[in-house]
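Novice: Below: one structure in structure tokens.
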Amino acid sequence: MTLIKWVTCAVTDTDGFHTGQSGWGELRARPGFLGQSGGWSRNTPGYAHVFGLWHDHAAYRAFMAGPHDRLAAAQAGTYRSIEVRLFEAIETGLSAAGLVRLAHCRVHPGLDHDFVRAQQTVWTPGMAAAPGFRGCSFGTADAPGRPGQIEFLVLSGWASAADHDLYRRDRFPGLYRRSGAAGHLAAIDGDLIDTVPEWTV
1 MTLIKWVTCA VTDTDGFHTG QSGWGELRAR PGFLGQSGGW SRNTPGYAHV FGLWHDHAAY
61 RAFMAGPHDR LAAAQAGTYR SIEVRLFEAI ETGLSAAGLV RLAHCRVHPG LDHDFVRAQQ
121 TVWTPGMAAA PGFRGCSFGT ADAPGRPGQI EFLVLSGWAS AADHDLYRRD RFPGLYRRSG
181 AAGHLAAIDG DLIDTVPEWT V
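Position one of the sequence shown corresponds to residue 1 (full-length UniProt numbering), numbered consecutively onward.
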């Protein structure tokens with residue numbers, strides 16, 4: 001099962017963090033590595049998101065047991081907190097984008113299949129018809145500390161913030177109604193991320 005790795009960091013040294021994050025090119029040679037990108041939060045200054053894609057758990061575990069700590073050492077002392085989450089990918093269509101919209105969704109028990117169906121038949125096709133759309137990736141995981149509840153990470157890419165703003169104004173309200181999201185979601189939070197080209201591997 002393909003994995004989406006989501007890393008969030010509260011950064012204290014933005015220049016040092018950027019330099020370290022720009023130095024992960026060695027990942028390209030790792031078996032099972034499929035890509036990595038990230039950028040800065042628009043909502044919370046100094047907050048960074050990084051997304052990695054791995055072919056399966058075995059490839060990811062081998063990387064973590066091997067060169068990960070050596071590569072990560074370049075960013076030691078540049079952030080005050082870090083959180084890492086893994087999601088099993090359902091769709092991996094995100095491509096190079098200037099802006100990424102992140103939605104972190106918790107779904108009511110028993111409605112996860114309805115949520116996935118809506119994502120695949122309503123949200124992704126609806127966004128694909130919008131100017132500037134650069135693909136979507138989403139994955140699922142068990143919600144920590146909430147037995148029976150499933151959570152999803154949804155990443156949609158946009159050429160620019162203006163393209164995303166146009167989509168939000170013209171298309172989002174209709175897609176929201178058609179998808180039934182109001183009935184599926186127990187909670188949702190999110191962010192807008194200005195991607196940094198130097199962080200793309």
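Yeah, the Cβ is synthetic: ideal placement off N, Cα and C, and Gly gets one too.
What whole-angstrom Cβ distance do A141 and R85 have, given they're in contact under 8 Å?
Specialist: Mapped onto the sequence shown, residue 141 falls at position 141. Mapped onto the sequence shown, residue 85 falls at position 85. Confirmed, Cβ separation roughly 7 Å.
Novice: Determine the extent of the alpha helix (DSSP H) in which S179 is found, giving its start and end residues.
Specialist: Along the sequence shown, one-based indexing puts residue 179 at 179. From DSSP, the alpha helix (DSSP H) with S179 extends over F172 to S179.
Novice: Whole angstroms are fine: how far does the CA of G35 sit from the CA of R28?
Specialist: For the purposes of this step, residue 28 is taken as the residue at position 28 of the sequence shown. For the purposes of this step, residue 35 is taken as the residue at position 35 of the sequence shown. Rounded to whole angstroms, R28 to G35 spans 8 Å at the Cα level.
Novice: Can you check whether the CB of T8 is closer than 9 Å to the CB of G46?
Specialist: Indexing the sequence shown from 1 puts residue 46 at position 46. Indexing the sequence shown from 1 puts residue 8 at position 8. No, the pair does not count as a contact, with Cβ atoms beyond the cut-off.
Novice: Got a sec, what are the start and stop residues for the beta strand (DSSP E) D189 sits in?
Specialist: Numbered from 1 along the sequence shown, position 189 holds the residue referred to as residue 189. It spans L185 to T195 - the beta strand (DSSP E) in which D189 sits, taken as one unbroken run.
Novice: Nearest to P197 by alpha carbon, out of V50, A186, A10 and A118?
Specialist: For this step, residue 197 is matched to residue 197 along the sequence shown. When only C-alpha atoms are compared, the closest one is V50.
Novice: Tell me the rounded alpha-carbon separation between A162 and R61.
Specialist: By one-based count along the sequence shown, residue 162 stands at place 162. By one-based count along the sequence shown, residue 61 stands at place 61. Near 39 Å, if we compare the C-alpha coordinates of R61 and A162.
Novice: From the DSSP secondary-structure annotation, give me the bridge partner or partners of L3.
Specialist: On the sequence shown, position 3 is the one that residue 3 refers to. Paired residue(s): W54 and E88.
Novice: Go through its chain and collect everything with a Cβ distance to E151's Cβ below 6 Å, but skip five positions before and after it.
Specialist: Looking up residue 151 in the sequence shown gives position 151. Cβ neighbours of E151 beyond the five flanking positions: R106, A141 and A143.
Novice: So, is R168 buried or exposed, given that buried needs 16 or more other C-beta atoms within 10 angstroms?
Specialist: As a working mapping, residue 168 is identified with position 168 in the sequence shown. Its Cβ having fewer than 16 others within 10 Å, R168 is exposed.
Novice: Assign T140 to one of three DSSP states: helix, strand, or coil.
Specialist: Numbered from its first residue, the sequence shown carries residue 140 at position 140. Here T140 sits in strand by DSSP.
Novice: Between which two residues does the beta strand (DSSP E) containing A103 stretch?
Specialist: For the purposes of this step, residue 103 is identified with residue 103 of the sequence shown, where counting begins at 1. Looking at the DSSP string, the run of the beta strand (DSSP E) that includes A103 is L99 to V107.
Novice: With a threshold of 6 Å on Cβ separation, who are the neighbours of F133 within its own chain once the five nearest residues in sequence on each side are excluded?
Specialist: In the sequence shown, counting from the first residue as 1, residue 133 sits at position 133. Taken in chain order, the residues that qualify are M127.
Novice: Answer yes or no: do R101 and L155 have a C-beta to C-beta separation smaller than 9 Å?
Specialist: Working through the sequence shown from its first residue, we reach residue 101 at position 101. Working through the sequence shown from its first residue, we reach residue 155 at position 155. Cβ atoms of R101 and L155: closer than 9 Å.
Novice: Can you tell me where the alpha helix (DSSP H) with residue 242 in it begins and where it stops?
Specialist: Only positions 1 to 201 of the chain appear in this structure, which leaves residue 242 out of reach.
Novice: When the Cα of D189 is compared with those of P173, H104, R117 and A65, which residue comes out closest?
Specialist: Residue 189 sits at position 189 when you count from the first residue of the sequence shown. Minimum Cα distance to D189 is reached at H104.
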